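Numbering of the sequence shown is given in this note's numbering, commencing with residue 16 and proceeding in unit increments.
Each residue gets a CB set at the ideal place from its N, CA and C atoms; glycine is no exception.
Remember, it's a predicted structure, so these values are computed and weren't measured experimentally.
Below is one structure, written out as structure tokens; comments come after it.
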Amino acid sequence: MIVFPTLENIHRVSHALGQGELIGLPTETVYGLAADATQDEAVAHIFEKKKRPSFNPLIIHGHSQEAFQNQVLWNDKADLLAQAFWPGPLTLVLQRHPSSSLSLLASAGLSSLAVRVPNHPIALSILQAFDGLLAAPSANLSGKVSPTQTNHVEEDFPDLLIIEGGEASVGLESTIVDLTGPSPLLLRPGGVSREDIESIIGPLENPNASSIKAPGMMTSHYAPSLSLRLNVEEPLKGEAYLAFGPTPYEGPHVLNLSQQGDPREAAANLFKMLRLLDLSSFQGIAVAPIPSAGLGLALNDRLHRAAAPRAP
Ligand code: TXA
Ligand code: MG
Numbered sequence: 016m017i018v019f020p021t022l023e024n025i026h027r028v029s030h031a032l033g034q035g036e037l038i039g040l041p042t043e044t045v046y047g048l049a050a051d052a053t054q055d056e057a058v059a060h061i062f063e064k065k066k067r068p069s070f071n072p073l074i075i076h077g078h079s080q081e082a083f084q085n086q087v088l089w090n091d092k093a094d095l096l097a098q099a100f101w102p103g104p105l106t107l108v109l110q111r112h113p114s115s116s117l118s119l120l121a122s123a124g125l126s127s128l129a130v131r132v133p134n135h136p137i138a139l140s141i142l143q144a145f146d147g148l149l150a151a152p153s154a155n156l157s158g159k160v161s162p163t164q165t166n167h168v169e170e171d172f173p174d175l176l177i178i179e180g181g182e183a184s185v186g187l188e189s190t191i192v193d194l195t196g197p198s199p200l201l202l203r204p205g206g207v208s209r210e211d212i213e214s215i216i217g218p219l220e221n222p223n224a225s226s227i228k229a230p231g232m233m234t235s236h237y238a239p240s241l242s243l244r245l246n247v248e249e250p251l252k253g254e255a256y257l258a259f260g261p262t263p264y265e266g267p268h269v270l271n272l273s274q275q276g277d278p279r280e281a282a283a284n285l286f287k288m289l290r291l292l293d294l295s296s297f298q299g300i301a302v303a304p305i306p307s308a309g310l311g312l313a314l315n316d317r318l319h320r321a322a323a324p325r326a327p
């Protein structure tokens, strides 16, 4: 359903977000499929709705740089870029603040976060009314082009509450700059030109070939330090067990992704439970079989990456 951004609707939408619902959010780049970035289940719903076969990290949207104060670690280059281009079509990848309240699923378990302040009056009003942070990928089904009008969003998501924000003025996704390493990297060209960014912080490097070849295997990706064994019905002695659905195992070494066997709940719990079980007192982590239907495909994709032999 497409609704106009009346004051009443903005309050309705911000209430719905607080309840864990998804909305179609206008931004200047493309429309986003937005959810409260602190609620794991709402974020899991985004992946489910987009039918993404893997958990890509999402961009977190806030109404101002201050909104990210306790979520990411700021540095000089990030400050300069935020001052120059926010609000606007630039996303900064920064280290996650140790006390960040954001869903680990939103960043696909990474220790970094992608953040941006969109330059769209309605997006900003919603972010202000909601007074929180929104995880939002482009509002299209996986594999389709990004939507620049409400009717594009409605085609893919007929049941979604979509806020009319007119035609996206930039019409191209935000530029993504990674500032977590020794030199800034241009991860994705977009609405702010490379030259404009380089005029502020100097040369941008391209991500190296190895990170493109196997994005899920990048050392920056969180993988538990313990080894993972998948499709395990009976964990060995000394192993931690990540269960899915009803299980006879219990105790401090067992966590259940979802008692009900619900893949959305499992996705919401995956990264935090992997971290909780990643203790040196265990010999490894055994993971129960997870059916590949719905979000199960993305769950299994991520688990296979985490279980793969590590690059030295
Ligand atoms: O213009 C945009 O950026 C739009 C609007 C809605 O804001 N959003 C968008 O989101 O394009 P999405 O999910 O389609 O693209 C997000 C990109 C992905 O390519 C992902 O790999 C990258 O951001 N990304 C997110 N978090 C990251 C992180 N921590 N490290 C590296 N890349 C990250
Ligand atoms: Mg996209």
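Notebook entry, point to check: Heavy atom of the ligand TXA less than 8 Å from the Cβ of residue 120, yes or no?
Noted result: no
Next item on the list: Check each candidate in 22, 294, 92 and name the one with the smallest Cα separation from residue 256.
Entry: 294
Check: In whole angstroms, what separates the C-alpha of residue 116 from that of residue 53?
Finding: 6 Å
Margin query: Using 9 Å as the threshold, is the C-beta distance between residue 300 and residue 314 below it?
Written below: no
Notebook entry, point to check: Thinking C-alpha only, which one of 286, 134, 140, 217 is nearest residue 317?
Noted result: 286
Item checked: Beta-carbon contacts of residue 291 that lie in its chain and below 8 Å, excluding the five residues immediately before and after -> 270
Notebook entry, point to check: Taking the continuous alpha helix (DSSP H) assigned at residue 185, which residues delimit it?
Noted result: Taken as a continuous stretch (DSSP letters only), residue 185 belongs to no alpha helix (DSSP H), as it is neither H nor E.
Checklist line | Span separating the alpha-carbon of residue 178 from that of residue 149 | finding: 15 Å
Next item on the list: Note down the Cα distance separating residue 23 from residue 127, rounded to an integer number of angstroms.
Entry: 36 Å
Next item on the list: Give the DSSP-derived three-state secondary structure of residue 76 in the structure shown.
Entry: strand
Note to self: For a quick check, are the C-beta atoms of residue 183 and residue 118 less than 9 Å apart?
What the structure shows: no
Next item on the list: Counting only the same chain and skipping the five closest in sequence on each side, list residues whose C-beta sits under 6 Å from that of residue 238.
Entry: 321
Notebook entry, point to check: If you count every other CB in all the chains shown that lies within 10 Å of the CB of residue 77, and 16 or more means buried, which is it?
Noted result: Buried, since its Cβ has 16 or more Cβ neighbours within 10 Å.
Next item on the list: Over the uninterrupted alpha helix (DSSP H) stretch that includes residue 4, give me the two end residues.
Entry: Given that the chain is displayed from residue 16 to residue 327, the structure contains no residue 4 and the question cannot be resolved.
Check: In this structure, does DSSP put residue 174 in helix, strand or coil?
Finding: In the structure shown, residue 174 sits in coil (DSSP, three-state: anything other than H, G, I, E or B).
Next item on the list: Could you tell me the distance, in whole angstroms, from the CA atom of residue 146 to the CA atom of residue 242?
Entry: 40 Å
Checklist line | Inter-residue CB distance, residue 189 and residue 102 (contact presumed, cutoff 8 Å) | finding: So it is not a contact: roughly 11 Å between Cβ atoms.
Notebook entry, point to check: Taking the alpha carbon of residue 21 as the point to measure from, which residue in 204, 92, 140, 135 has its own alpha carbon closest?
Noted result: The shortest C-alpha separation from residue 21 is found at 140.
Checklist line | Distance, residue 202 Cα to residue 229 Cα | finding: For residue 229, the predicted structure reports a pLDDT of 41, less than 50, and the residue's modelled location is therefore unreliable. A value from the coordinates is still provided. For residue 229 and residue 202, the distance between alpha carbons rounds to 14 Å.
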